[in-house]
Every structure is written in structure tokens, then in C-alpha cells.
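Numbering (our numbering), first residue to last: 5 to 403.
This is the structure in C-alpha cells:
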């Protein structure tokens, strides 16, 4: 996401935040979620230098020199005009301190605990993740690990009894099988998905459109508090940020990116849940849709996905696990080895120790793979009963 190297220097005496973290926090206030011009600028210059560049552009009245063409120059000029009104009011350290007082953590792309799937969004990825809850306690927390085995369960706010029943069955069944359920914390299907996961004693993660200090909607406050107690509530906007219509739509890309796959339980013809499915498809994540009565407008969007070939029909938790469990289990050539493991999975299994737990970083280095490839392989191997979690690391199971 950013060209900044991990920088552990505090920005001021007594501060626990690095200059890169403060700059990323500032960017999350300066522009709206999914701003691709901002993302490209930060990617090219790094968060700190990009912020300095914007300040120079606003204060000087002209764009500082950058090696870009006339079209990009025009886009940058329009973006700077958008950002100028917010620049003077930026208080990123105040926002970070406010999050810390809530017991939360700010996760940055260059720091520990960053969910790798978010980086698949490229220049539209969030600049950081403002998070609170059990899964982000401690130095790195367990959020990233929990999300390697996660499913997005989304759908209509105006849900039916049928949709709520199916959602509860799916969410509790996924939790029982060790999968993390991710949704948007809204009324209807989202809320039932979180409740179902909690009923199955599994972690659940709510992706909010506003700040994590503003649990929205207010009617789901207790549910979101319960979600944080065993899982997490996360947002790409800082504490105090108001949930707006555009932010609701933009956060759907995060729900898709954080998870191994998306299941749409109920969706009207123009439901926002369909945008989550679209993002999942663009990210090469599998999409499932639950069929409903052909007379139900609440299922028209699901039927549209199925008819267009944009989703696989799923009717129970076994089919959902089959759908998302297949992700990442076949290598780039689509060829499986004789024992059912792909080449990447074999590499990871070979270097995972039997007598102790080993971190993902260590396993990735030993296997000469990226951490993202290693997470995917470990998740698949765990499903096969070949490895297990050992504290904060992974351990091979004796055959």
C-alpha cells in the first residue's frame, strides 16, 4: 500500500505512534474511502512524503513537480482541491489517542497484524484499519489469523423470516466449524449473521461505515458490543467519523477483501449486498447465493446472481465450506499432487515443525513463499487436519 519502510521512530517524545502511522491515520481523514488517486500517490511517494506533497500543493497554490502525464496531473489537481478543505483540520494523533483510550489498535499495511486480503484492493485499499475488540488485543492480536478462515455473510436489511432462519443456520454452522463470520453490522441479515456466529461460540467481525466509537445503527449497539467482546469491530475511517451512504457502499469492498468468500442470503434487485458480491468477484473470491421463493422480492438479487452465473447456489453450511474451502487449494497451474496437496501446500507442510509452533513469517521464509501464500496454504492444511495452531504459531500434526 505504501512505499514507506516500517519506521518505529515516534513522532514526538512520549508518543507510541510512528511518523508513518500518523501519516496513514491522517490520510484516512483527508480523503474518502477508496480514493484511488490518494492511494496511488501514497503508493508512489510513501504516506509521509505524499502528505507533505499535498501540504505544499495547497499552501503554494501549485502542484509540486511529479513525473506524471497531463491526464494524471489534472486528476491530481482535482483531488487536491477536494482534500484542501480538510487539510487544516487534520488531527491524526488525537484520533489515534482516542482509539487507544477505547482499547483499540490502528493496524497499518506495513505493521504487524495487517489482514493481507486488504492489500488485494491495490490503490483502493484502506490506509489503515481502526479496530477494537478481543481479536486486536496485544501486540499483533489474532485478527489477521482469524480472517484467513472467514466468510462474509451479507444480505438485505429488510430481511424475511426465511432469510433470517437460513442466515442463523449458516452463521452458527460456520462458527461451529471454526470459521470467522464477517458482516456489516446492519439490521436484517447482517445482524442475524453476527448473532448466529456468537451463538456458535465463534468470533465474528463487523465492518463499520463510521468510526468504531459510533456503533451504528444504534439499535444494534449491544450486538456490536458483543461482537467486539469475542471478535472485532473495524473501520477504515477514524473515531468520530459519521457513517454516510457512500461510506456504506465503499465498505463493501473491504468485507469482500477481508474474507475467503462471500455468501448473499437475501438481496433485493438493487440491494447493497450485490455490490459486496461484485467486489468479491473482482478480487477472484468465490461468491455463493441462497435461493429463495421465486415470489419473494427479497430474493430477486440472489436469483439474479445465480441466473447470471455470478454466484454458486448454496443451501447449507456444508456447501458454503465446500465453496470457500476450495479457495487457494489449487496452485496456479490448477494441478494437484497425488496426495491431494498442491505444490505450495507441500512446501509449507515440509518446513512446518512438529515439536513446536512456528510463526507465519518463519514458515514463509523457510518455504521461500510470500506470507499471503503461506497463510492460504496453512488454512488449507488446517482444513485437512495436517497442521494446527500452536499459540501464535503453527505446528504440523504427526501422521
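Ideal Cβ placement from N, Cα and C applies to all residues, glycine included.
According to DSSP, is residue 246 helix, strand or coil? Three-state DSSP puts residue 246 in coil, outside helix and strand.
For residue 133, name the three-state secondary structure that DSSP assigns. Here residue 133 sits in strand by DSSP.
For residue 226 and residue 58, what's the separation of their Cα atoms in angstroms? Distance between the alpha carbons of residue 226 and residue 58 is about 41 Å.
Quick check: residue 161 and residue 197, are their CB atoms within less than 8 Å of each other? No.
Hey, out of 202, 241, 113, 195, whose CA is closest to residue 217's CA? A check of alpha carbon separations from residue 217 across 202, 241, 113, 195 identifies 241 as the nearest.
From the DSSP output, read off the bridge partner residues of residue 392. According to DSSP, residue 392 bridges with 399.
Stretch pair the segment 237 to 252 + the segment 305 to 321: three plus CB contacts closer than 8 Å: The segment 237 to 252 is not in contact with the segment 305 to 321.
Starting from the C-beta of residue 341, find all residues in its chain whose C-beta is less than 7 Å away, skip the five residues before and the five after it, and write them out in chain order. Confidence at residue 341 is low in this model, with a pLDDT of 36, below 50, so its placement is unreliable and the value that follows should be read with caution. Close CB contacts of residue 341 within its chain, under the 7 Å cut and outside five residues either way in sequence, are with 347, 350 (chain order).
Out of 398, 88, 181, 47, point me to the one whose CA is closest to residue 65's CA. Closest by C-alpha distance to residue 65, out of 398, 88, 181, 47, is 88.
According to DSSP, is residue 211 helix, strand or coil? Looking at residue 211 - three-state DSSP - the assignment turns out to be strand.
By how many angstroms is the C-alpha of residue 386 removed from the C-alpha of residue 367? Between residue 367 and residue 386, the C-alpha separation is close to 14 Å.
Output needed for residue 219: all residues of its chain with C-beta closer than 6 Å, excluding positions within five of it in sequence on either side, in chain order. The beta carbon of residue 219 sits closer than 6 Å to those of 225, 228, all from its chain and outside the five residues before and after it, given in chain order.
According to DSSP, what are the bridge partners of residue 110? Answer by DSSP bridge pairing, in chain order: 134.
Cβ separation of residue 112 and residue 36, assumed to be a contact under 8 Å, to the nearest whole Å: Beta-carbon to beta-carbon, residue 112 and residue 36 are separated by about 19 Å, too far to satisfy the 8 Å threshold.
When we look at the beta-carbon of residue 410 and count the other beta-carbons within 10 Å, is it buried (16 or more) or exposed? Outside the shown range of the chain (5 to 403) lies residue 410, about which nothing can therefore be said.
Can you grab the Cα-Cα spacing for the pair residue 199 / residue 39, in whole Å? Within the model, the alpha-carbon separation for residue 199 versus residue 39 is close to 33 Å.
Any idea what DSSP makes of residue 362, helix, strand or coil? In the three-state reduction of the DSSP assignment, residue 362 falls in the strand class, which pools E and B.
Between the alpha carbons of residue 231 and residue 237, how many angstroms are there, rounded? In this model, residue 231 and residue 237 are separated by some 7 Å (Cα to Cα).
Let me see if you follow: with CB-CB separation under 8 Å, is residue 278 close to chain B or not? Absent here is chain B; the protein component of the structure consists of one chain.
Would residue 42 and residue 83 qualify as a contact pair, given that the criterion is a beta-carbon distance under 8 Å? The Cβ atoms of residue 42 and residue 83 lie closer than 8 Å to each other.
Count the other CB atoms within 10 Å of the CB of residue 69; is the residue buried (16 or more) or exposed (fewer)? So residue 69 counts as exposed.
Of the listed residues 306, 156, 357, 262, nearest to residue 147 (C-alpha basis): Checking every option, the nearest Cα to that of residue 147 belongs to 262.
Own chain partners of residue 125 with C-beta closer than 7 Å, once the 5 adjacent residues on each side are dropped: Within the same chain, residue 125 has close Cβ partners 257, 261.
Please name the residue, chosen from 279, 268, 235, that lies closest to residue 255 on a Cα-to-Cα basis. Ranking the options by Cα distance to residue 255, first place goes to 279.
Using the three-state DSSP reduction, which class does residue 368 fall into: helix, strand or coil? DSSP places residue 368 in helix when its eight states are reduced to three.
Under the DSSP definition of a beta bridge, which residues are partnered with residue 292? Answer is 267, 316.
Could you spell out where the alpha helix (DSSP H) holding residue 234 opens and where it closes? Where residue 234 is concerned, the enclosing alpha helix (DSSP H) stretches over 225 to 234.
Is it right to say residue 288 is buried, meaning 16 or more other beta carbons lie within 10 angstroms of its own, or is it exposed? The residue in question, residue 288, is exposed, as its Cβ has fewer than 16 Cβ neighbours within 10 Å.
Roughly how many whole angstroms lie between the Cα atoms of residue 253 and residue 156? Residue 253 and residue 156 have their C-alpha atoms spaced approximately 15 Å apart.
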